[in-house]
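Q: Under numbering that gives the first Met the number 0, read the sequence shown as residues 0 to 159, first letter to last. Don't be surprised by glycine CBs; every beta carbon is placed ideally from N, CA and C.
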Amino acid sequence: MTRISMTVDGVEYDDDVEPRLLLVHYLREQLGLVGTVVGCDTSNCGACTVLLGGKSVKSCTVLAVQADESEVTTIEGLSTDGALHPVQKAFHENHALQCGFCTPGMILAAVDLLGQNPNPSEAEIREGIEGNLCRCTGYQNIVKAVSAAAGASSSTGGSQ
Ligand code: FES
Ligand code: FES
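(1) Taking the alpha carbon of glutamate 11 as the point to measure from, which residue in His91, Asp40, Thr72 has its own alpha carbon closest?
(2) What does DSSP give as the partner residues of serine 55 in its beta bridges?
(3) With respect to the beta strand (DSSP E) encompassing valine 10, which residues constitute its N-terminal and C-terminal limits?
(4) What three-state label does DSSP hand serine 42 in the structure shown?
(5) If we ignore side chains and look at the alpha-carbon of each, how far apart do leucine 132 and cysteine 47 end up?
(6) Contact defined as beta carbons within less than 8 Å: I believe leucine 22 pairs with alanine 66. What is the distance between those atoms, to the nearest angstrom?
(7) Would you list, in sequence order, the uninterrupted alpha helix (DSSP H) runs of no fewer than 4 residues that lie entirely inside the region 85-125?
(8) Output the distance between the C-alpha atoms of glutamate 126 and aspartate 40, rounded to the nearest integer angstrom.
(9) Please classify valine 37: does DSSP put it in a helix, a strand, or coil?
(10) Could you have a look at isoleucine 3 and say whether DSSP puts it in helix, strand or coil?
(11) Do you know whose CA, among Val64, Ala149, Cys44, lies nearest lysine 57's CA?
(12) In terms of residues, what are the limits of the beta strand (DSSP E) holding valine 71?
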């Protein structure tokens, strides 16, 4: 077992983990943060995406020990005082989800994208979320939502 400590959604954790434990399994099984989901377990779908040090990563490709001393944000830590994050709000308002399984990872990938590029073109949005698969929506409304979140943020001067 290896001792790790990390801040997840603003809460500090110290735990003993098996060195081979994946970050996604640590989040779900040890911390009970089941908003982060497993879609494939083979690094294809992006459903397990979280922010690690502010950058989106597929948490099924990261060992929990690799996130030692880091800050992790999951979909469960994105809202502030009960208010949806602008990207969450835009997904809701633009009907960017059907089953919702891909949504947590898609939103976190979009947050990272908008952090790097606050005003992406449609092509840049499609490229930015290409690692996240959705089997329901055909992507049109997802792209619309990310674009709306970018517009909402630049018109209010807010940041992602
Ligand atoms: S569960 Fe991690 S990429 Fe699919
Ligand atoms: S909404 Fe179902 S997989 Fe994307």
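A: In this structure, then:
(1) Thr72
(2) Answer is Leu50.
(3) Valine 10 -> beta strand (DSSP E) spans 10-16.
(4) The answer is coil: DSSP assigns serine 42 none of H, G, I, E or B.
(5) 11 Å
(6) A Cβ-Cβ separation of about 5 Å places leucine 22 in contact with alanine 66 under the 8 Å criterion.
(7) 85-92, 102-115
(8) 22 Å
(9) coil
(10) Isoleucine 3: strand per DSSP, three-state reduction.
(11) Cα-wise, what sits closest to lysine 57 is Cys44.
(12) Counting along the chain, the beta strand (DSSP E) containing valine 71 begins and ends at 70-72.
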